[in-house]
Structure formats: structure tokens, C-alpha cells
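Chains as they are written, first to last, in the numbering used here: chain A, 5 to 322; chain B, 31 to 315. Heads up, the beta-carbon is just placed ideally off N, CA and C, and yes, glycines get one too.
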Amino acid sequence: MLRLTARSLMMFIASALGGSLLIFFMLRMLRGDVALVMLGMNATPEALESLRAELSLNEPWYAQYLGWINGVLRGDLGKPHFGVFDVADEIGRRLGLTVSIALISLVVSAMVALFAGVYAAVYADRRRGVIVDMLAQVAVAMPSFWVGILLVGLLSVKLGWLPSGGYVPWAINPWHAAQSLVLPVTAVSISLAGALARYVRSTMLEVLSEDYLKTAVAKGRTYRQAIVIHGIRNASVPLVTVGTLTLGGLLTGVVVVEVVFSLPGMGRMLLDAVFAREVVVVQSVTFVFLALILMLNFAMDIAYGFLDPRIRDARKGT
Amino acid sequence: MRRLRGSIPAPLIAGAIIVVLLTLIATLSIAWTPYNPDSIDTSKRLLAPGARGHILGTDRLGRDTASALMRGAQTSLLVSGTAALGGMAIGSTLGLMAAGSRPVVRDVISRITDVGIALPGLLVALILGTVFGVGRDTVIIALLVGFVPWAARVTIGPARQVLSREYVEAAFAYGRSTWFVLIRHVAPNIGSLIIVQTAVMFAVGILAEAGLSYLGLGSQSPTGSWGRFLNEAQPLIDRAPALILFPGFAITLAVMGFMLMGNGVQALMDPHRKGIELDANASRP
Chain A
5 MLRLTARSLM MFIASALGGS LLIFFMLRML RGDVALVMLG MNATPEALES
55 LRAELSLNEP WYAQYLGWIN GVLRGDLGKP HFGVFDVADE IGRRLGLTVS
105 IALISLVVSA MVALFAGVYA AVYADRRRGV IVDMLAQVAV AMPSFWVGIL
155 LVGLLSVKLG WLPSGGYVPW AINPWHAAQS LVLPVTAVSI SLAGALARYV
205 RSTMLEVLSE DYLKTAVAKG RTYRQAIVIH GIRNASVPLV TVGTLTLGGL
255 LTGVVVVEVV FSLPGMGRML LDAVFAREVV VVQSVTFVFL ALILMLNFAM
305 DIAYGFLDPR IRDARKGT
Chain B
31 MRRLRGSIPA PLIAGAIIVV LLTLIATLSI AWTPYNPDSI DTSKRLLAPG
81 ARGHILGTDR LGRDTASALM RGAQTSLLVS GTAALGGMAI GSTLGLMAAG
131 SRPVVRDVIS RITDVGIALP GLLVALILGT VFGVGRDTVI IALLVGFVPW
181 AARVTIGPAR QVLSREYVEA AFAYGRSTWF VLIRHVAPNI GSLIIVQTAV
231 MFAVGILAEA GLSYLGLGSQ SPTGSWGRFL NEAQPLIDRA PALILFPGFA
281 ITLAVMGFML MGNGVQALMD PHRKGIELDA NASRP
């Protein structure tokens, strides 16, 4: 287990470094002069020159990169050129909301997917199993922002049960905070659960033909007990192995619902920075998003070790 | 789902019908739409579906919804198609090259694809949007950046498997060049895999185009897009729910069409072996 943790930690650090380099290069090098990107073609030479000085664009690239990383490690994520806020403080204000949506959605969709996937596999040759699988496929095909808009239309506008947008921080009123998160989390979870359920289903189909399940039944367990005790644990493995892929989808879902429900999260902040071409803000917020994903990935690696002893004890794995 | 040996799998038929219809509608929209999707007629604002002359109704400026959706199909297919076909062509070529080359080269290509896959597509799209400005072409480039390493990765493994077969060794022994073997023996053998993955890329591309356009990062006015249509219709949800329903159905149906087609091709090509799970959500940018 220690070996696995150490290896995952190394992967985490390597990926964070590689990712930061990639983000840096894409933002700074793809189109030559960053100052021109930010200010446009009509900028005065003086304005361009002062921006170049502000971003230390006249230094070599490695000095710029190291300066940025050095700041990140000290908690200094820079400032926007046209704004007054500090990026790190602003992220601090928005992080709670974004992470809440992401984590709750992840847990909810994993649970729904586990149930639906196992159900669809157990009843694979019955009509109800096929229907659950079809529903999962439709859920994947529906864009999460559309699901969000439909939920608002039905549950907020028509029935008035839940707020259609906005957010009350947990610290001020936990009940209102939870209420304002119900619809966003549902919107994110539907497509995520659909995708995960399909993985769980195909794993469970394999599990169902395994000998250990028959052994358990032969030893006196009922079929249902055998599935619950032995099947579920094995079927939950894909929930953590499809990690990185799932987390990309989760990220997209979270950013999109922040817009649908006008929530003041990090996704909204990043989008505004993109439209304003605030290179420094985009660079730092993208990196924070990537770091969050890598952390979740790291946690999933460890969880995988707990679920699958072969991985835990392996000298060399994938 | 069960099927009789030798018959065409049901998902393939369903998927093919949807995809063909979609393509026909998109092609037709280049030459003809019932109305000019941009022509504003304030006397006919927010007509309900089924109104005379406007089968799907009109939007807040009196523009014909059916015409807008037809042109949206065109944008959707153009963006996802360019990215899926282009990404697969470049990526699978890279993958074949990697499979046929020395271990050092193969490792380098594999590591690069790992990095490309690890960075979430949405972040790539947002970064490119910052640097190049938002718009349809940026969406295509962002999708290509995601699809090329994906295609390379799914090609390398199966291609290497084929390369280790005896008849391939025989071809080498006969004096064939690596390129000849790759094109003559390897490519046809992984053809079904490539078709399946391309279908999934189409599905992912349609979802991504819609999502990015909804966020305002995709095609700008006047180019029609299902995602932007939904963005514009969102404030009207209580007055004109049809404006929300139709584009959403269009997106879902289009995505389903390509996913079903992918599933069907897979079932057709290897009915016994369990293949790669199809999943559009996994790689949404």
C-alpha cells in the first residue's frame, strides 16, 4: 500500500509539472506576443510595453515559467491586468462552491451508477435490464446544460420547489446552500451516472460469469447475497479506474451548470477571464482546476488499491 | 441485446437512419431552409409550434425555429465531422507509425499521447479560446487536440497485436517494407475499431460543439448552432418551452445516432469479443 501511495504521489507531481508546462506553453507561446493577445492590435506601443514589463515578458521563457510556479507554490496566483482582485483570494471565495458541486455529484453519480449498472447487468436478458441500459445511454447523450435548463423550467419556474439559480454559502445558511445545489448536482450527475453505469454494467456482466459467484451460491448463499457481497465490490472497480476520463466530464459538467444556474464558482470566473483575455487569470485558474482533478485522481488511485488487492500488492502496475 | 446470427444489429440500423437523416437535413440546409434563419419578423414573435408556415414555431425575434435547427445541424456536423475525421486520420497514422517503429520512438509517441489525454478537453478549449479568440474554428482545433492523441492511443495496441501475427512476420520475411505491411495488413485489420472510435468522436464532437456554443465559446452569430440557440432561449423557458425542447432533442438524437452506430458496427464486426465500452461522456471537453 505504501508503495502504491508513493507511486501515485510521484505520478501526481509529475502530471502537475507536465500540465503546468503545457498550460504555460499553450497560453504564452502559441501566438507569439502575449501582450498583443491581451490588448489587441490597436494597443499603443506604450501600453504594450508596460504590460510586457508587468508580465516579465522580456525575460526568457524559463524565467517566466519559474516565476509563475514559484508564485503558485507560495499561494500567489497573480492579478488580472484590468481587474482589482487578487486571483488567489478570488479562487478562495469560489472554491467551496465548485468543489461542493463536484464532490457531491461524483458521489451521487457513483452510487446511482453502481445500482443502475448492477441492475442492468443482472437483468441483462430481461426487458427491465435493457431499459435501464437504454436510459443510461440516453443520459450520456443528453447535454448536461440542457438537462439543467429543463430542471429549472420544471422544478423552479413551473412548480417553484427549488431556487433557479444563485448560491448561499454553507457558512451563512446550510439549508439554503443545500437547496441551491440540488438542481446543479442533479444536472451534472445524470450524464455522469449514465456513463459510469455503462462501465459498471459491462464489468458486472463479466463478474456474473465468474466462478467465485457460483462458489458462493454453492456454499449456501442466495444469488442475491452472492451479488451483494461479491459482485458489488468487483463492479465498483471501474468507478475508480475510469477516473481521469470521468473527471474530465465532471469538470465540464461543473463549469456548464455554474453558467446555467448563474452560480459564482470557479468555472464562471475562468469563462469571464477567457472572454476578457486575461492570460494570467486563465493560466492560474486552469492550473488550479488541473490540480484539483489530479488530487481527485490520486485519491481514486488509493481507493483502487483498497478495492483490488492485486493492484495494492503489485510491484509494478499500470 | 440478442440478435440473429448474420443479421444486421438493431442499433446499427437505428443509428444509421438517424445519421443519414441528420446528414440529409444538414446538406439540404446549405441550399434551402423554409425561411432565412436570420430574417427577423417581429410581428411573428414566439409563435407556438404548429403555427401556419412555422412548423416548429418562432423565436423571440420571429425567426423560424425549424430553419435555425436545420442550420444548427449543418454547424454541428461540420465541426464534429472535421474534428472526428481529421483527428482520426492524423491520430491513427501516428499510432500506426508508433506501432511499426523502434521502441524508443514508440515510447516517445505514447508519452506525448498520455499528456494529450490527461489535459481535459474543456481546459484546452478555454486556453485556445483565450489565445485565438472564441469561435467555430477554435472549437474544431480544440477537438482535434483532444482527438489526435485519443486516436493514436487506441490504434497503437491493436496495431502491435496484428504486427505480431505470423502472416505479418511472413510478409516481413518476404521482404516487404514496414509501410507496406502497415497499410496492406495492419490497417484493414483495425478498420472496424477505427470506424467505431470515429463514431464515438462524432458523438463527443456534437456534445462539445453544443456545450461550448452554449457557453459562448463556439460559433458566433450569425452562424447557427444548437448550443447558442439554447443559450438565447433559456430566459424564455416559461413563455416558450418549445424553444428549449427542440434543440435539446436535436442534440440528444444526433449524439444517440452516432453512439448507436458505433455500438452496431462493433456488434457486427466482432459479435463474440467484448470490446471497448462506448462512452461519449468520458471525453467531453
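Taking CB distances under 8 Å as the criterion, tell me whether residue i reaches chain B.
i	result
Phe149/A	yes
Thr245/A	no
Gly321/A	Below a pLDDT of 50, predicted positions are generally treated as unreliable, and Gly321/A, at 42, falls in that range; the measurement from the model is reported next regardless. Judged by the 8 Å Cβ criterion, Gly321/A is not in contact with chain B.
Gly23/A	yes
Gly235/A	no
Thr256/A	yes
Gln1/A	What the structure shows of chain A is the stretch from 5 to 322, and residue 1/A is not part of that stretch, so it cannot be assessed.
Met273/A	no
Thr290/A	yes
Leu154/A	yes
Ser19/A	yes
Gly157/A	yes
Arg281/A	yes
Arg7/A	no
Phe293/A	yes
Leu31/A	yes
Val172/A	no
Phe16/A	no
Out of the options, point me to the one whose CA is closest to residue i's CA.
i	options	result
Gly176/B	Arg195/B, Ala229/B and Gly121/B	Gly121/B
Gln264/B	Thr253/B, Pro277/B and Gly254/B	Pro277/B
Ile274/B	Gln141/A, Leu40/A, Gly152/A and Ala18/A	Gly152/A
Glu282/A	Ser60/A, His85/A and Met299/A	His85/A
Val230/B	Ile85/B, Met289/B and Val135/B	Met289/B
Gln104/B	Pro133/B, Asp268/B, Gly292/B and Trp256/B	Trp256/B
Ser54/A	Arg32/A, Met42/A and Trp65/A	Met42/A
Leu247/B	Ala277/A, Gln183/A, Gly170/A and Val172/A	Ala277/A
Leu255/A	Arg130/A, Asp80/A, Val221/A and Thr290/A	Thr290/A
Less than 8 Å between the beta carbons of residue i and residue j, yes or no?
i	j	result
Ala124/A	Arg205/A	yes
Leu245/B	Leu275/A	yes
Thr219/A	Ala239/A	no
Ile236/B	Ser110/B	yes
Leu173/B	Gly117/B	yes
Thr190/A	Leu155/A	yes
Val192/A	Ile105/A	yes
Pro79/B	Ile85/B	yes
Ile157/B	Pro179/B	no
Leu223/B	Arg90/B	no
Thr10/B	Ala114/B	Residue coverage of chain B in this structure runs from 31 to 315, which leaves residue 10/B outside it and unanswerable.
Leu196/A	Ser109/A	yes
So is residue i in contact with chain A if we call contact Cβ pairs under 8 Å?
i	result
Ala98/B	no
Gly45/B	no
Ala103/B	no
Met31/B	Note on Met31/B: pLDDT 45, under 50, position unreliable in the model; the coordinate value appears next. Met31/B counts as touching chain A.
Ile267/B	yes
Phe162/B	yes
Gly278/B	yes
Thr168/B	no
Gln264/B	yes
Tyr197/B	no
Gly117/B	no
Gly151/B	yes
Gly87/B	no
Leu34/B	Here Leu34/B scores only 47 on pLDDT, less than 50, and its place in the model should not be relied on; the value that follows carries that caveat. Leu34/B does not count as touching chain A.
If you count every other CB in all the chains shown that lies within 10 Å of the CB of residue i, and 16 or more means buried, which is it?
i	result
Lys223/A	exposed
Ala140/A	buried
Asp137/A	buried
Pro252/B	exposed
Arg32/B	Any reading at Arg32/B needs caution, since the residue's pLDDT is 48, under 50, leaving its predicted position unreliable; the model's value is listed next. Exposed: under 16 other Cβ atoms inside 10 Å.
Asn46/A	exposed
Met299/A	exposed
Ala239/B	Ala is not the amino acid found at residue 239/B; the sequence shown has Glu there. Flag for Glu239/B reads buried.
Thr95/B	buried
Tyr171/A	buried
Glu262/A	buried
Tyr308/A	buried
Less than 7 Å separating the Cβ of residue i from some heavy atom of the ligand HEM?
i	result
Asp129/A	Among the components of this structure there are no ligands whatsoever, and the ligand HEM is therefore not found.
request  = Evaluate contact between the region 153-162 of chain B and the region 289-296 of chain A, counting only Cβ atoms and requiring at least three cross-stretch pairs below 8 Å.
outcome  = Yes, they touch.
query = Does the region 208-218 of chain B come within contact of the region 278-290 of chain B, defined as at least 3 CB pairs closer than 8 Å?
reply = The region 208-218 of chain B is not in contact with the region 278-290 of chain B.
Validate contact between the region 23-43 of chain A and the region 62-72 of chain A using beta carbons, cut 8 Å, 3 pairs = Cβ pair count under 8 Å is three or more, so yes.
query = Does the count of Cβ pairs from the region 56-66 of chain B and the region 36-45 of chain B closer than 8 Å reach three?
reply = No, the region 56-66 of chain B does not touch the region 36-45 of chain B.
query = Are at least three pairs of beta-carbons, each pair with one atom in the region 115-122 of chain A and one in the region 197-217 of chain A, less than 8 Å apart?
reply = The answer is yes - the region 197-217 of chain A touches the region 115-122 of chain A, with three or more Cβ pairs under 8 Å.
task = Please confirm if the region 84-98 of chain A is in contact with the region 177-190 of chain A, defined as three or more CB-CB distances below 8 Å between the two stretches.
result = No, the region 84-98 of chain A does not touch the region 177-190 of chain A.
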